[in-house]
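Peer 1: Each residue of the sequence shown is one higher than the one before, counting from 558 in our numbering. Where a beta carbon is used, it is the ideal one built from N, C-alpha and C, also for glycine. Treat the numbers as computed from the prediction; the structure is a model and nothing was measured.
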Amino acid sequence: MPAKNPDTVNEQSAEREVRGIYRELAERAISRSCTFRTECCQFRLTGKIPHLTRGEALVAVKALRASGRKSAPLRSDGSCPMLDPGTSRCWIYEGRPFGCRTDFCDAAGGPYDRRDVIDLIRRLEEVDARLQGHGPQILTSALADILTK
Numbered sequence: 558m559p560a561k562n563p564d565t566v567n568e569q570s571a572e573r574e575v576r577g578i579y580r581e582l583a584e585r586a587i588s589r590s591c592t593f594r595t596e597c598c599q600f601r602l603t604g605k606i607p608h609l610t611r612g613e614a615l616v617a618v619k620a621l622r623a624s625g626r627k628s629a630p631l632r633s634d635g636s637c638p639m640l641d642p643g644t645s646r647c648w649i650y651e652g653r654p655f656g657c658r659t660d661f662c663d664a665a666g667g668p669y670d671r672r673d674v675i676d677l678i679r680r681l682e683e684v685d686a687r688l689q690g691h692g693p694q695i696l697t698s699a700l701a702d703i704l705t706k
């Protein structure tokens, strides 16, 4: 049996850790409720674009590929490239980045207070450092880095 590529093993471990961070966030008693209005996905309107660490990008790309897609389309309307233009549903909802999980629109309860999630942010940054990432990158750049690998 051939030896596993250490980079692949490290990435798989990082994906598990990031998913664990997402689970821990979901278990916290911070009341929010996504109503799928997709206002937060309208980057041109909100002026907010999620920034992903390398570990988050790995999870997002895995979810994108699991949806049957090989790339993230560029959207001329300023919307998230993961937002299905036909259904207005996120292609990677279960693998969506931390920022999408915590920077809610007002209808869903508003953004999380940073002090309530700073420990999780630091853990995401630690995973990024282990993967030799370059810190959080804008969503499209972070995904492109993984997709072109």
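With DSSP as the reference, label alanine 560 as helix, strand or coil.
Peer 2: The count along the sequence shown starts at 1 and reaches residue 560 at position 3. With a pLDDT of 48 at alanine 560, under the threshold of 50, the modelled position of this residue cannot be trusted; read the value that follows with caution. Alanine 560 falls in the coil class under three-state DSSP.
Peer 1: How about the stretch 611-630 and the stretch 584-596: do they share at least three Cβ pairs that are nearer than 8 angstroms?
Peer 2: The stretch 611-630, when compared against the stretch 584-596, does not touch it at the 8 angstroms Cβ threshold.
Peer 1: Does the distance from the C-beta atom of aspartate 685 to that of threonine 610 stay below 8 angstroms?
Peer 2: By one-based count along the sequence shown, residue 685 stands at place 128. By one-based count along the sequence shown, residue 610 stands at place 53. Cβ atoms of aspartate 685 and threonine 610: closer than 8 angstroms.
Peer 1: For my contact list, alanine 571 and alanine 699 are in at a C-beta cut-off of 8 angstroms; report their separation, rounded to the angstrom.
Peer 2: Numbered from its first residue, the sequence shown carries residue 571 at position 14. Numbered from its first residue, the sequence shown carries residue 699 at position 142. Rounded, the Cβ-Cβ distance is 13 angstroms, inconsistent with contact.
Peer 1: Within the same chain, show all residues whose beta-carbon is closer than 7 angstroms to that of isoleucine 606, passing over the 5 residues directly before and after it, in chain order.
Peer 2: Position 49 of the sequence shown, counted from the first residue, corresponds to residue 606. These residues qualify, in order along the chain: Phe600, Ile695 and Leu696.
Peer 1: Less than 8 angstroms between the C-beta atoms of arginine 576 and valine 618, yes or no?
Peer 2: Taking the sequence shown and counting its residues from 1, the one referred to as residue 576 is at position 19. Taking the sequence shown and counting its residues from 1, the one referred to as residue 618 is at position 61. Their beta carbons are not under 8 angstroms apart, which means arginine 576 does not touch valine 618 by this criterion.
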